[in-house]
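As structure tokens, the structure follows; a few thoughts come after it.
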Amino acid sequence: MSCRHLLLASAGFENLPHSHFNENQDSKPEHNWDCFEITPRTVRPYPQFLEATKGFPELLTINDVRSWFGLINQEAYTFAAAGRMQPFCALLKLNTPFKWTGHMDILFEEIKAIIIQEIQRGVEIFDESRPTCLAIDFSKDGIGFWLLQKHFECTSSKPFCCRLGWKVTLVGSRFTSPAESRYSPIKGKAFAVVDALEKICHFVLGYFNLIIAVDH
1 MSCRHLLLAS AGFENLPHSH FNENQDSKPE HNWDCFEITP RTVRPYPQFL
51 EATKGFPELL TINDVRSWFG LINQEAYTFA AAGRMQPFCA LLKLNTPFKW
101 TGHMDILFEE IKAIIIQEIQ RGVEIFDESR PTCLAIDFSK DGIGFWLLQK
151 HFECTSSKPF CCRLGWKVTL VGSRFTSPAE SRYSPIKGKA FAVVDALEKI
201 CHFVLGYFNL IIAVDH
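full-length UniProt numbering applies: residue 1 is where the sequence shown begins, and numbers increase by one.
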């Protein structure tokens with residue numbers, strides 16, 4: 001879903017006349033489209049989503065937790081949401097009493113601050129002319145991927161040769177099922193690669209300049 005939204009956003013952006021854009025404080029053309037704030041180079045969640053995340057109250061009921069997950073899922077193309085949301089999964093388990101403690105309240109505020117920092121950066125609009133890297137990760141709790149593109153010139157063909165030179169185009173993550181959580185590390189990472197390629201197929205199907213990076 002995030003892939004489709006970003007593709008539609010970038011396609012719509014290319015066809016918009018300059019009069020549809022506002023000038024922000026950095027003098028960069030900017031357009032608010034659907035749930036996205038779009039500039040010539042980046043996409044990030046609409047400012048209202050950021051404010052909703054900042055002001056989200058403590059989770060006192062299961063419905064509050066579901067609403068929290070629903071909000072974060074709409075911003076999850078900018079950061080690895082599964083890892084950040086893992087501590088709250090236990091609150092949704094069936095036949096488990098709902099319990100919100102002082103420790104959970106502190107953890108909630110800490111994670112909320114991290115999420116806000118991550119979504120403010122947004123992601124870069126995909127450029128098919130740039131070298132591209134799909135980095136994946138697997139753990140018993142979840143799988144995730146980062147689609148990055150090289151934004152500087154150098155002779156190295158290795159990903160992450162410069163810490164600031166590779167910029168994020170899309171992020172995705174999800175929790176593993178009970179069966180998936182029992183995969184061996186090698187099988188789990190191979191599974192994560194396949195899962196990620198299916199999710200980013202709109203970007204990389206037929207793409208000739210793709211590097212897949214795993215840590216095993």
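Don't be surprised by glycine CBs; every beta carbon is placed ideally from N, CA and C.
**Item:** Distance, Q149 Cα to N22 Cα
**Value:** Summary for N22: the model assigns pLDDT 48, below 50, so the residue's position carries little reliability; its value from the coordinates is reported in the next sentence. Cα-Cα distance, rounded: 27 Å.
**Request:** Buried or exposed for S177, please, with buried defined as at least 16 other CB atoms from any protein chain shown within 10 angstroms of its CB.
**Result:** exposed
**Asked** Should P40 be labelled buried (16 or more other beta-carbon atoms within 10 Å of its own) or exposed?
**Response** exposed
**Request:** Out of Y207, G165, I212, N73, state which residue places its alpha-carbon closest to the alpha-carbon of F191.
**Result:** I212
**Request:** Tell me whether G102 is buried or exposed, calling it buried when 16 or more other Cβ atoms sit within 10 Å of its Cβ.
**Result:** exposed
**Request:** Could you check if D127 is buried or exposed, using at least 16 other CB atoms within 10 Å of its CB as the buried criterion?
**Result:** exposed
**Item:** Cβ-based neighbour list, W100, same chain, cut-off 8 Å, excluding 5 preceding and 5 following
**Value:** E58, L59, L60, L91
**Prompt:** Is the distance from the Cβ of F138 to the Cβ of K189 below 8 Å?
**Reply:** yes
**Item:** Where R84 falls: helix, strand or coil (DSSP)
**Value:** helix
**Request:** Could you have a look at S173 and say whether DSSP puts it in helix, strand or coil?
**Result:** strand
**Residue from R121, V194, P131, E109 whose Cα sits closest to the Cα of F79** = R121
**Request:** State the Cα-Cα distance for the pair E153 and W166, rounded to the nearest angstrom.
**Result:** 11 Å
**Length-filtered (3 minimum) beta strand (DSSP E) runs lying within the UniProt domain "Reverse transcriptase RNase H-like" (127-216)** = 132-138, 142-150, 166-175, 210-213
**Message:** Tell me whether L94, by its Cβ, gets closer than 7 Å to a heavy atom of the ligand FAD.
**Reply:** In the structure on display, the ligand FAD does not appear, and there are no ligands present to speak of.
**Request:** From the DSSP output, read off the bridge partner residues of R121.
**Result:** The partner list for R121 (beta bridge, DSSP) is empty, contrary to what the question assumes.
**Request:** Counting only the same chain and skipping the five closest in sequence on each side, list residues whose C-beta sits under 6 Å from that of E37.
**Result:** R44, Y46
**Message:** Taking only three categories from DSSP, how would you classify R44?
**Reply:** strand
**Request:** Determine the burial state of C162: buried for a count of at least 16 other Cβ atoms within 10 Å of its Cβ, exposed for fewer.
**Result:** exposed
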